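> Take a look at the following structure, please.
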């Protein structure tokens, strides 16, 4: 967790996504700018200036820390959460003013611009939550992980009881903008707390049982990187529903009904479960294979990450929240291998470039799996 305090993570999770987001919106503005009204242009400038100001501020702080050989201060997580959560909340409220429904959607050749905003800002929030976990967990050995886990379960259970059992929205009148804002803020705060206590419990468990997880790695790797991804695809494709009947409608995350997605998920999981061989050539070959499967993992991460705040609400429906959380494990396994070689770094760099090309083409609809 101490590596999170390096300025590198600011560049990767704050600066780089913001630059990509600016290019996406700039390309869209060049196409639809003449169709926007003065009110729309005002909100484009407002949110663009807001995001640009935060990006320059946090990037400047990272540059300062890098040149002065200092680490990122834990208080940064508070500013990140306050700045980006308020940005996303107001962006969601004014989304129809930013991009009017009068503009033909076929002109949005980049894809769903609103979804891109959530996609490239959500990693910042996850990074801020991890910083908060490290800051508020100074004594790992004397902090009980099961307490944090039970607290994390309390949030989705409470929402489930309020919505499905008590049916609070029918029992009480919550109409009006004031109640809508209040309930939205409560849901955002409860989601952040849910992710905080969940990540904290996982962090404590791994820190205290590091040798246990190394010895019995397959016991937890197989369910997390093979079983859960395949189960998530099955749930999304409607193979299992509440009545036990098969359905083939497009799921909430998109159409992943092609068998290639399941095959790639299985291959990626197997590669992550394999241990590091002693032979250098075999180890390099395994790392290169993981780099190519990294393309698939990053693509799924980009698809899932906008729905991350819904992981607390997904327990209230038929989807399991682990379906939203599972891409983080294989992604972290690929980003932080036990041994890094210069050749492996080059493989990772090439795979990242290939991922960006795949993502751009898939967003334009030129890539489809049949």
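Numbering (this note's numbering), first residue to last: 204 to 573.
Each residue gets a CB set at the ideal place from its N, CA and C atoms; glycine is no exception.
The structure presented is a predicted model; accordingly, all values stated were derived computationally and were not measured.
Looking at the secondary structure, which residues open and close the alpha helix (DSSP H) in which residue 234 lies?
Taken as a continuous stretch (DSSP letters only), the alpha helix (DSSP H) holding residue 234 covers 219-235.
> If you follow the alpha helix (DSSP H) that residue 269 is in, where does it begin and where does it stop?
Run containing residue 269: 241-270, per the alpha helix (DSSP H) assignment.
> Quick one: using the 10 Å Cβ neighbour count with 16 as the cut-off for buried, is residue 463 buried or exposed?
Its Cβ having fewer than 16 others within 10 Å, residue 463 is exposed.
> Apart from the five residues just before and just after residue 222, which ones in its own chain have a Cβ nearer than 6 Å to its Cβ?
For residue 222, where only same-chain residues beyond five positions count, there are no Cβ hits under 6 Å.
> What's the gap between the Cα of residue 474 and the Cα of residue 493?
Approximately 6 Å between the Cα atoms of the pair.
> Roughly how many angstroms lie between the CA atoms of residue 402 and residue 260, to the nearest whole one?
In a straight line, the C-alpha of residue 402 is about 27 Å away from that of residue 260.
> Determine, using beta carbons only, whether residue 468 and residue 438 come nearer to each other than 8 Å.
No, the Cβ-Cβ distance between residue 468 and residue 438 is not below 8 Å.
> Between 334, 425, 382, 326, which lies nearest to residue 220 when the distance is taken from Cα to Cα?
The option with the nearest alpha carbon to residue 220 is 326.
> Does the segment 394-408 touch the segment 326-342, meaning 3 or more C-beta pairs lie closer than 8 Å?
Yes, the segment 326-342 touches the segment 394-408.
> Along the chain, where does the alpha helix (DSSP H) that runs through residue 324 open and close?
316-338 is the extent of the alpha helix (DSSP H) around residue 324.
> Looking at residue 486 and residue 496, is the spacing between their C-beta atoms short of 8 Å?
No, Cβ-Cβ distance for residue 496 and residue 486 is not below 8 Å.
> Does the segment 232-247 come close enough to the segment 295-309 to have 3 or more Cβ pairs within less than 8 Å?
At 8 Å Cβ cutoff, the stretches touch.
> From residue 472 to residue 490, what distance separates their C-alpha atoms?
One C-alpha to the other measures close to 13 Å.
> Anyone know if the C-beta pair for residue 404 and residue 343 falls short of 8 Å?
In this structure, residue 343 does not lie closer than 8 Å to residue 404 by Cβ.
> Are the beta-carbon atoms belonging to residue 265 and residue 324 less than 8 Å from one another?
Result no, Cβ atoms of residue 265 and residue 324 do not sit closer than 8 Å.
> Do you know how far the Cα of residue 263 is from the Cα of residue 207?
Going from the Cα of residue 207 to the Cα of residue 263 covers about 17 Å.
> Taking the beta carbon of residue 382 as the centre, do at least 16 other beta carbons fall within 10 Å, making it buried, or is it exposed?
By the neighbour-count rule (16 or more Cβ atoms within 10 Å), residue 382 is not buried but exposed.
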